[in-house]
Each structure stands twice: as structure tokens, then as C-alpha cells.
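As numbered in my numbering, residues 21 to 109 make up the sequence shown, in order.
Ideal Cβ positions, reconstructed from N, Cα and C, are used throughout, including at glycine.
Data first, discussion second: the structure below is written as C-alpha cells.
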Amino acid sequence: MKEQLLQSMKPLQQLLIPFLEILKPFLYMKEQLLQSMKHLQQLLISFLEILKPFLYMKEQLLQTLQFWQLVSRVKRVTSADTKERGDKA
Numbered sequence: 021m022k023e024q025l026l027q028s029m030k031p032l033q034q035l036l037i038p039f040l041e042i043l044k045p046f047l048y049m050k051e052q053l054l055q056s057m058k059h060l061q062q063l064l065i066s067f068l069e070i071l072k073p074f075l076y077m078k079e080q081l082l083q084t085l086q087f088w089q090l091v092s093r094v095k096r097v098t099s100a101d102t103k104e105r106g107d108k109a
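In C-alpha cells:
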């Protein structure tokens, strides 16, 4: 019985071997793709590190702009108050 089972598996095995040989390049392709993705990921991380100071610069510029807008508003209000007092006198 065991021998018969082994004999019946041989044709299946003979079919599987060529099929696995066909699939082998795809396995290597997958590995190569993963390596390429890893390299790309490292490049992106480096690029993001380069961009990081510009992000902080943008934040600082926005804060500076908001500050000068506030100064401008205060000057307008102060100027209007001074003009009003001058008109009353």
C-alpha cells in the first residue's frame, strides 16, 4: 500500500518540479524588488532629512509674518487714536 502511494505521487512530483522551476525566477524577482524598495526608502529618508530644516524655516517665517501683521494693526490703532486726540484738542 505504501509503495503504491509512493508510485502514485511520482507523476505529481514530476509535474511539480518544472512548475517550481518556473516560479523560481519570481522568487528572486521578489527579493530584488524588496531590496530596491529598501534602497528607495533609504533615499527618501535622506531626502526628508534634507527637507526638515525648510519645514522649520516655514514655521518661523509664518510666525514672523503673523508678528508683523500684529505690529501693523497695533500701529494703525495707535495712529488712529493719536489722530483722534489731535482732532479733539
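Asked, Found
"I need the straight-line Cα distance from Met21 to Gln34, nearest angstrom please.", "21 Å"
"State the DSSP-derived secondary structure class of Met21, mapped to helix, strand or coil.", "coil"
"Can you give me the C-alpha to C-alpha distance between Ala100 and Phe74, rounded to a whole angstrom?", "39 Å"
"Note down the Cα distance separating Gln86 from Arg96, rounded to an integer number of angstroms.", "15 Å"
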